[in-house]
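These protein sequence lines map, in sequence, to chains A and B.
Last residue of the first sequence: 595 in this note's numbering, with the numbers rising by one and none dropped.
Last residue of the second sequence: 1188 in this note's numbering, with the numbers rising by one and none dropped.
This report refers to the structure that appears directly beneath it.
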Amino acid sequence: MVKITLNQNIIDVAPGTMILEAARQNGIDIPTLCFLEGKPPLGACRVCLVEIEGGKNLAAACSTPAQEGMIIHTNSKRVRDARKMVVEMLLSEHEGDCQYCDRSEDCELKKLAHDLGIREPHYEGERPRRLIDDSSPALIRDSGKCIKCRRCVTVCNEVQRVGALFPQNRGYDTVIGPAFALGLEDVPCVQCGQCAAVCPVGAIMERSHEDAVWAALEDPSKHVVVQTAPAIRAALGECFDFPAGTLVTGKMVTALRQMGFDAVFDTNFTADLTIMEEGTELLLRLKKVLVDKQPAALPQFSSCSPGWIKFTEHFYPEFLPNLSSCKSPQQMFGALAKTFYAQKKGIDPANIVVVSVMPCTAKKFEASRPEMNSSGFKDVDYVLTTRELGRMIQSAGIQFEELQEGTMDSPLGLSSGAADIFANSGGVMEAAIRTAYEIVTGRELPLENLHIQPLAGLNGIKEAALTLEKVLPEWSFLEGVELKVAVAHSLSNAAALLDRIKAGQAQYHFVEVMTCPGGCIGGGGQPRFTTDEKRRARIQAIYKEDEGKELRKSHENPDIKKLYEEFLNEGPCGHKSHKLLHTHYTDRSQQKDTE
Amino acid sequence: MRSNQEKTAAQPAQAAGCCCKGSTEDELMSRLDEIIDEYATIDGALVPVLQIAQNLFGYLPKTVLKHISKRLNIPYSQVSGVVSFYSFFSTTPQGKNVVRVCLGTACYVRGGKEVLSAMQKALGINVGETTEDRVFSLEVGRCFGACGLAPVVMINDNVHQRVKPTKIRELLSPYREAKEEGKEDKGC
Chain A
1 MVKITLNQNI IDVAPGTMIL EAARQNGIDI PTLCFLEGKP PLGACRVCLV EIEGGKNLAA
61 ACSTPAQEGM IIHTNSKRVR DARKMVVEML LSEHEGDCQY CDRSEDCELK KLAHDLGIRE
121 PHYEGERPRR LIDDSSPALI RDSGKCIKCR RCVTVCNEVQ RVGALFPQNR GYDTVIGPAF
181 ALGLEDVPCV QCGQCAAVCP VGAIMERSHE DAVWAALEDP SKHVVVQTAP AIRAALGECF
241 DFPAGTLVTG KMVTALRQMG FDAVFDTNFT ADLTIMEEGT ELLLRLKKVL VDKQPAALPQ
301 FSSCSPGWIK FTEHFYPEFL PNLSSCKSPQ QMFGALAKTF YAQKKGIDPA NIVVVSVMPC
361 TAKKFEASRP EMNSSGFKDV DYVLTTRELG RMIQSAGIQF EELQEGTMDS PLGLSSGAAD
421 IFANSGGVME AAIRTAYEIV TGRELPLENL HIQPLAGLNG IKEAALTLEK VLPEWSFLEG
481 VELKVAVAHS LSNAAALLDR IKAGQAQYHF VEVMTCPGGC IGGGGQPRFT TDEKRRARIQ
541 AIYKEDEGKE LRKSHENPDI KKLYEEFLNE GPCGHKSHKL LHTHYTDRSQ QKDTE
Chain B
1001 MRSNQEKTAA QPAQAAGCCC KGSTEDELMS RLDEIIDEYA TIDGALVPVL QIAQNLFGYL
1061 PKTVLKHISK RLNIPYSQVS GVVSFYSFFS TTPQGKNVVR VCLGTACYVR GGKEVLSAMQ
1121 KALGINVGET TEDRVFSLEV GRCFGACGLA PVVMINDNVH QRVKPTKIRE LLSPYREAKE
1181 EGKEDKGC
């Protein structure tokens, strides 16, 4: 251990600990605008300056390791003045139209300027040219607000291995963005929005659908239905100062009803449906290989996460046949709302507006894919992020904390616990195995609480194997088969897994990939700022929701059974399913960047 | 001004702005591929590969940059970031003579900025542009390591010291004349 003196307190820290980390471990906060948990420090923003006795210059706490005998001051006048100057200089180049900025509530720069006692502009002068990139359906970038902290560069390159963003030019002329000022739409960006999730200011934001949704709600000729993804209920509360991991399912339903939605449904319903379709698809592929001795693309990859789909289309097109052809639950919901539900209610699907609330920005892109219209109409009309829904509830004057608990409407609102866990990494796989095991063996998955522990948690790549024994006669070809599965979250982990599969170093039957760290609960549209601690809290809430339900397995959902009896009567992966619930993918690897 | 890395490369030194006369685009690309093969496994291959590519093509066309990005498996945004960071790299076709006015600290305080505006006036172009007759390109340098001679202007490989804004025309005239004497390329 290394002994240091931090603001008069003598403390021991592990060798190699950075001063910032040492301070935070000991209850002292040092502000920073560029630091990202778990990533190598950049020292880019210069806000975390501290004074080390005997040192000539102030040091950046994020990137200076604590050394034996160091006497460190984190709050001396010299430190405060220096931090103030750094922030004043950032402000001098920052487009500070805070009252119009979506980030005015949680802008880290604004808060820091306030905390440091900056009350008037200090430096004024030339400003770099402001470039607004609104080329993509999901994200909008504003270089005028960018403070060049490079958090987005770190997540785009290191966490997601996408590489759409990088510092361009030099010095005063530096802008963060794609090559040669191209728009995000014109480069291989997967629209995951992790850049927007870590941005300390309003430089990267989701494209808002709030106004369009309000307009639809006002229009008496429209029947507006809403679906909420499983990850919303474990995070929306954070928009109203509930602690991370507070389940607000019931309040959320009531709020949506008060906002004027004609029916409040659940993406969970189509998550259960996804298990039926995707599970059947997997069993059909296995049958093709084991019984018909014909080739089939294995492992099968999950297809719920639109960032992952676009990533495969851009960077690993050779794996496109491995992607399940199932649409994501969001799109399945849209297709059913404008067919099954429209028929049941006798409403012209042209007058149905489907709004989804997603923890995700890539869902905005997914909804805009031209092929997502199998009902004859756009499956999903508008996509709101968790943050947008939070703002809308606020602007409607709804006192969220005071709301009574509501319940989802029928017939697209009932779901099993297996659907809830679609929100976190490992959940889709666990849900699939709960159902597949029972269908094939006739017995319930023999695990405590039905949880597959090796697939849970925040490890980047997780694996499990399960031998199928004493299977039912119709599945005899699976007797003794060891089902091998893997789970990855964050696209860098997905890429590492794909590389291993490609090199023949790993073999699986089924692989689940979620684009964002931790899964959808850590999505690019969730309330800021998502740390690992918050990820764990949200995951815990999701498991609680799952365990609290009587229905724990997708195939037991009575409304799903009814759907197959009444509407999709050829069963999972039947003709009608294929038309409405399945899709195809596009090789985007040769997509030319626009000059 | 040439870096050490460039000297180790198999390519002969060429004046900036000079394309390999007679080589087709495909031939240049396959030569570039050979170079990339040589560098592919080395960490930090990007800058030397870009330097060699610029020598081959005379500048760095976007098709070449995309090719390098793919072959070295480095995101295009990063390739573009590196190209736009270093003033030595150019993404537009260069003139026969590349004029680099140094705006490093020493040159700046000794009148580099005035030299630059005189140069812009004399050539009738802005920084990063090439004259219509393709004789001159104008760039800004960030220190050539000749601070004792400030302010400095480099034209091709020649360093001109203590340049006065009033003497720009005289400085340029030998390079203009070279053009009129004959259009032979050097060093290819």
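Positions of the beta carbon are idealized from the N, C-alpha and C atoms, including for glycine.
Please read all numbers here as calculations on a predicted model, not as lab measurements.
Please classify residue i as buried or exposed, where buried requires at least 16 neighbouring CB atoms within 10 angstroms.
| i | result |
| --- | --- |
| residue 1 (chain A) | exposed |
| residue 211 (chain A) | exposed |
| residue 376 (chain A) | exposed |
| residue 47 (chain A) | buried |
| residue 382 (chain A) | buried |
| residue 557 (chain A) | buried |
| residue 385 (chain A) | buried |
| residue 1004 (chain B) | Caution applies to residue 1004 (chain B), whose pLDDT of 39 falls short of 50 and renders its modelled position unreliable; the value that the coordinates give is listed next. Looking at its Cβ environment, which holds fewer than 16 other Cβ atoms inside 10 Å, residue 1004 (chain B) is exposed. |
| residue 164 (chain A) | buried |
| residue 594 (chain A) | Note on residue 594 (chain A): pLDDT 47, under 50, position unreliable in the model; no value is reported. |
| residue 1184 (chain B) | At residue 1184 (chain B), the pLDDT of 47 sits below 50, so the modelled position is not reliable and the matter cannot be decided from this model. |
| residue 272 (chain A) | buried |
| residue 56 (chain A) | exposed |
| residue 123 (chain A) | exposed |
| residue 291 (chain A) | exposed |
| residue 278 (chain A) | buried |
| residue 168 (chain A) | buried |
| residue 517 (chain A) | buried |
| residue 1010 (chain B) | Here residue 1010 (chain B) scores only 36 on pLDDT, less than 50, and its place in the model is too uncertain to base an answer on. |
Along the beta strand (DSSP E) that carries residue i, what are the first and last residues, could you check?
| i | result |
| --- | --- |
| residue 318 (chain A) | Premise fails: residue 318 (chain A) is in no beta strand (DSSP E) and is neither H nor E. |
| residue 270 (chain A) | From DSSP, residue 270 (chain A) is part of no beta strand (DSSP E) but of the alpha helix (DSSP H) over 267-290. |
| residue 464 (chain A) | 461-467 |
| residue 141 (chain A) | 139-142 |
| residue 1119 (chain B) | Not the beta strand (DSSP E): residue 1119 (chain B) falls in the alpha helix (DSSP H), residues 1112-1123. |
| residue 488 (chain A) | 482-489 |
| residue 1029 (chain B) | Taken as a continuous stretch (DSSP letters only), residue 1029 (chain B) belongs to no beta strand (DSSP E), being part of the alpha helix (DSSP H) at 1025-1039. |
Across which residues does DSSP place residue i in a beta bridge pair?
| i | result |
| --- | --- |
| residue 9 (chain A) | A:6 |
| residue 353 (chain A) | A:224 |
| residue 1065 (chain B) | Answer is none; residue 1065 (chain B) lacks a bridge partner. |
| residue 51 (chain A) | A:73 |
| residue 582 (chain A) | A:326 |
| residue 300 (chain A) | A:510 |
| residue 1100 (chain B) | B:1139, B:1154 |
| residue 168 (chain A) | A:175 |
| residue 60 (chain A) | A:49 |
| residue 332 (chain A) | Answer by DSSP bridge pairing: none, since residue 332 (chain A) is not bridged. |
| residue 264 (chain A) | A:226 |
| residue 100 (chain A) | DSSP lists no partner for residue 100 (chain A). |
| residue 600 (chain A) | No answer is possible for residue 600 (chain A): it lies beyond the span of chain A, which begins at 1 and ends at 595. |
| residue 1130 (chain B) | B:1137 |
Looking at the unbroken alpha helix (DSSP H) that takes in residue i, where does it start and where does it end?
| i | result |
| --- | --- |
| residue 1141 (chain B) | Where residue 1141 (chain B) is concerned, there is no enclosing alpha helix (DSSP H), although the beta strand (DSSP E) it sits in stretches over 1136-1141. |
| residue 558 (chain A) | 558-566 |
| residue 254 (chain A) | 249-259 |
| residue 218 (chain A) | 210-218 |
| residue 1056 (chain B) | 1046-1057 |
| residue 206 (chain A) | No alpha helix (DSSP H) contains residue 206 (chain A), which is instead part of the beta strand (DSSP E) from 204-206. |
| residue 386 (chain A) | 386-395 |
| residue 1201 (chain B) | Only positions 1001 to 1188 of chain B appear in this structure, which leaves residue 1201 (chain B) out of reach. |
| residue 151 (chain A) | 151-154 |
| residue 534 (chain A) | 532-547 |
| residue 377 (chain A) | Element bounds for residue 377 (chain A): n/a, residue is neither H nor E. |
Could you list which residues in chain A have their beta carbon closer than 8 Å to that of residue i, in chain order?
| i | result |
| --- | --- |
| residue 1057 (chain B) | The premise fails here: residue 1057 (chain B) is roughly 17 Å from chain A at the closest Cβ pair, so nothing lies under 8 Å. |
Give me the chain B residues within the contact set of residue i, using Cβ-Cβ distance strictly less than 8 Å, ordered along the chain.
| i | result |
| --- | --- |
| residue 166 (chain A) | 1075, 1077, 1078, 1080, 1081 |
| residue 187 (chain A) | 1076, 1077 |
Strictly below 9 Å CB to CB, what residues from chain B border residue i?
| i | result |
| --- | --- |
| residue 170 (chain A) | 1084, 1085, 1086, 1087, 1142 |
Name the chain B residues whose beta carbon is nearer than 7 Å to that of residue i?
| i | result |
| --- | --- |
| residue 163 (chain A) | 1075, 1077, 1078 |
Item to check | Within 7 Å of chain B by C-beta, residues of the region 474-493 of chain A in sequence order | outcome: If you check each beta-carbon in the region 474-493 of chain A against every beta-carbon of chain B, none falls closer than 7 Å.
Next on the checklist: Any C-beta of chain B within less than 7 Å: which residues of the region 173-185 of chain A qualify?
Outcome noted: 178, 179, 180
Item to check | Residues in the region 192-207 of chain A having any Cβ partner in chain B nearer than 9 Å | outcome: Against chain B - using a Cβ distance shorter than 9 Å - the region 192-207 of chain A contributes no residues.
Checklist entry - Listed from N- to C-terminal order along the chain, which residues in the region 130-161 of chain A have their beta-carbon within a distance smaller than 8 Å of any beta-carbon of chain B? => result 157
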